[in-house]
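Undergrad: In UniProt numbering, the protein residues as written are 1 to 318.
All C-beta atoms, glycine included, are put in the ideal place defined by N, C-alpha and C.
Have a look at this one.
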């Protein structure tokens with residue numbers, strides 16, 4: 001998943017400062033909206049491309065190589081220059097960053113998408129993510145939860161429960177296994193978010209660290225025979241699409257587009273716009289993957305989208 005989701009959450013925690021109250025107008029606002037749309041389009045495309053790869057010849061190892069190689073290699077100079085800053089961070093927080101957005105998160109997402117459709121992934125990974133972040137913040141840092149966020153997260157929980165219960169009863173066999181794995185991936189992403197927020201590392205540095213450690217772990221899995229590859233059997237069209245989405249768009253472009261949207265629109269506005277990522281992923285999956293939306297998936301998407309919009313605080317009076 002794009003690392004930039006964590007920037008949004010970190011920004012939300014600071015938005016009460018006066019300097020976060022003034023946002024762009026005119027062309028700056030329009031460009032911010034464009035950057036926001038590009039970001040959620042990339043997120044949705046990432047989910048669909050993962051599903052396409054895992055249901056064809058590619059393996060989680062193949063997708064991991066494509067995902068983590070660009071940030072590990074291209075952003076290595078940022079990590080080297082900030083090595084003293086990284087050493088000053090608690091090892092527990094570094095572990096949370098590396099595991100929360102690195103290989104464990106990626107394998108949970110990829111394996112979950114092998115069993116569950118892209119519409120479930122968007123709802124469970126991106127939709128349930130704010131709930132887990134709030135839960136961790138309350139349990140470990142005793143943060144206060146606003147009334148709006150409580151209401152919004154209640155909608156999120158309702159949407160997830162609707163999806164789980166009806167998916168278990170009516171969906172194809174093993175779909176529920178994929179749903180559980182995707183929900184676990186959402187929890188790992190929340191751990192990454194909280195760890196990065198406390199560690200205070202710059203986005204490029206944390207992304208380079210996560211990518212480098214993940215790439216080393218992938219090399220170890222390959223060397224020990226614990227990972228298999230299906231690259232030789234993949235079509236050129238499939239490889240080109242995965243390189244475009246995993247390596248270029250997710251690995252590199254979202255860092256700019258999402259950060260620009262946050263700067264021009266504000267964290268709460270971007271959170272509200274980002275709530276429609278699961279819906280967009282579900283819509284893209286219909287023509288690309290031939291998926292169809294069941295009634296319970298539509299109900300879950302509606303509940304979660306409304307919940308994230310309310311929890312973002314966009315309706316709160318300033």
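(1) With C-beta atoms as the reference, is residue 109 less than 8 Å away from residue 284?
(2) Please confirm if the segment 156-169 is in contact with the segment 299-311, defined as three or more CB-CB distances below 8 Å between the two stretches.
(3) Once you ignore the five residues that flank residue 238 on each side, which residues in its own chain have a CB closer than 8 Å to its CB?
(4) In angstroms with no decimal places, state the Cα-to-Cα distance between residue 124 and residue 40.
(5) Could you give the distance in angstroms between the alpha-carbon of residue 192 and the alpha-carbon of residue 220?
(6) For the alpha helix (DSSP H) containing residue 242, list its first residue and its last residue.
(7) I need the DSSP call for residue 87, collapsed to helix, strand or coil.
(8) So residue 97 packs on residue 209, CB below 8 Å; how close in whole Å?
(9) Which residues mark the beginning and the end of the alpha helix (DSSP H) in which residue 57 is found?
(10) Excluding the 5 residues preceding and the 5 following residue 230 in the sequence, name in chain order all residues of the same chain whose CB lies nearer than 7 Å to its CB.
(11) Would you kindly report the start and end of the unbroken alpha helix (DSSP H) that includes residue 305?
(12) Go through the segment 95-181 residue by residue and report every complete run of the alpha helix (DSSP H) that reaches 4 residues or more, in order.
(13) Does the separation of the CB atoms of residue 148 and residue 313 fall below 8 Å?
(14) What residue range does the alpha helix (DSSP H) around residue 321 cover?
(15) Residue 175 and residue 167 - do their beta-carbons sit closer together than 8 Å?
(16) Would you kindly work out how many angstroms separate the C-alpha atoms of residue 308 and residue 127, rounded to a whole number?
(17) Please indicate yes or no: does the CB of residue 30 lie closer than 7 Å to some heavy atom of the ligand MG?
(18) Can you tell which of 120, 241, 29 and 102 has the C-alpha that lies nearest to the C-alpha of residue 196?
(19) How far does the alpha helix (DSSP H) with residue 284 in it reach, from first residue to last?
(20) How is residue 200 classed by DSSP in three states: helix, strand or coil?
(21) Starting from the C-beta of residue 153, find all residues in its chain whose C-beta is less than 7 Å away, skip the five residues before and the five after it, and write them out in chain order.
(22) Report the three-state DSSP secondary structure of residue 226 (helix, strand or coil).
(23) Can you give me the Cβ contacts of residue 177 inside the same chain, cut-off strictly under 7 Å, excluding the 5 residues immediately before and after it?
(24) With DSSP as the reference, label residue 265 as helix, strand or coil.
(25) Once you ignore the five residues that flank residue 181 on each side, which residues in its own chain have a CB closer than 6 Å to its CB?
(26) Cα separation between residue 304 and residue 198?
(27) For a quick check, are the C-beta atoms of residue 273 and residue 36 less than 8 Å apart?
(28) Indicate the three-state DSSP secondary structure (helix, strand or coil) for residue 75 in the structure shown.
(29) Shortest alpha-carbon distance to residue 215 belongs to which of 28, 73, 27 and 32?
(30) For residue 228, count neighbouring Cβ atoms within 10 angstroms of its own Cβ and tell me buried if that reaches 16, exposed if not.
(31) Distance check for residue 27 and residue 217, CA to CA, integer angstroms please.
(32) Are there 16 or more other CB atoms within 10 angstroms of the CB of residue 89, so buried, or fewer, so exposed?
TA: If we stick to the structure as given:
(1) Not closer than 8 Å, so no.
(2) The answer is yes - the segment 299-311 touches the segment 156-169, with three or more Cβ pairs under 8 Å.
(3) Once the five neighbours on either side are set aside, the close Cβ partners of residue 238 are 52, 53, 56, 57 and 58.
(4) Roughly 16 Å separates the two Cα atoms.
(5) Residue 192 and residue 220: Cα-Cα distance of roughly 23 Å.
(6) 236-242 is the span of the alpha helix (DSSP H), which, as asked, contains residue 242.
(7) Residue 87 carries a helical assignment under DSSP once its states are collapsed to helix, strand and coil.
(8) Indeed, because the Cβ distance is near 6 Å, the residues count as touching under 8 Å.
(9) No alpha helix (DSSP H) contains residue 57, which DSSP labels as neither H nor E.
(10) Closer than 7 Å at the Cβ level, and outside the excluded window around residue 230, lie 57, 58, 59 and 62.
(11) Counting along the chain, the unbroken alpha helix (DSSP H) around residue 305 starts and ends at 295-311.
(12) The qualifying runs are 103-115, 118-121, 128-141 and 147-170.
(13) A distance below 8 Å separates the beta carbons of residue 148 and residue 313.
(14) Because the chain is modelled from 1 through 318, residue 321 falls outside the range shown and cannot be assessed.
(15) Their beta carbons are under 8 Å apart, which means residue 167 touches residue 175 by this criterion.
(16) Taking the CA atoms as reference points, residue 308 sits about 7 Å from residue 127.
(17) The ligand MG is not part of the structure shown, which contains no ligands of any sort.
(18) Minimum Cα distance to residue 196 is reached at 102.
(19) Residue 284 -> alpha helix (DSSP H) spans 277-289.
(20) DSSP places residue 200 in the coil class of the three-state scheme, outside both helix and strand.
(21) Only 130, 131, 134, 307 and 311 meet the Cβ criterion.
(22) If DSSP states are grouped into helix, strand and coil, residue 226 belongs with coil.
(23) Closer than 7 Å at Cβ, skipping near neighbours: 115.
(24) It is helical.
(25) Correct list, in chain order: 108, 111 and 112.
(26) Cα to Cα, residue 304 sits roughly 27 Å from residue 198.
(27) It is a contact, given that the beta carbons lie within the stated cut-off.
(28) Residue 75: coil per DSSP, three-state reduction.
(29) Of the candidates 28, 73, 27 and 32, the one whose C-alpha sits nearest the C-alpha of residue 215 is 73.
(30) Classification for residue 228: exposed.
(31) The C-alpha of residue 217 lies about 44 Å from the C-alpha of residue 27.
(32) That one is buried.
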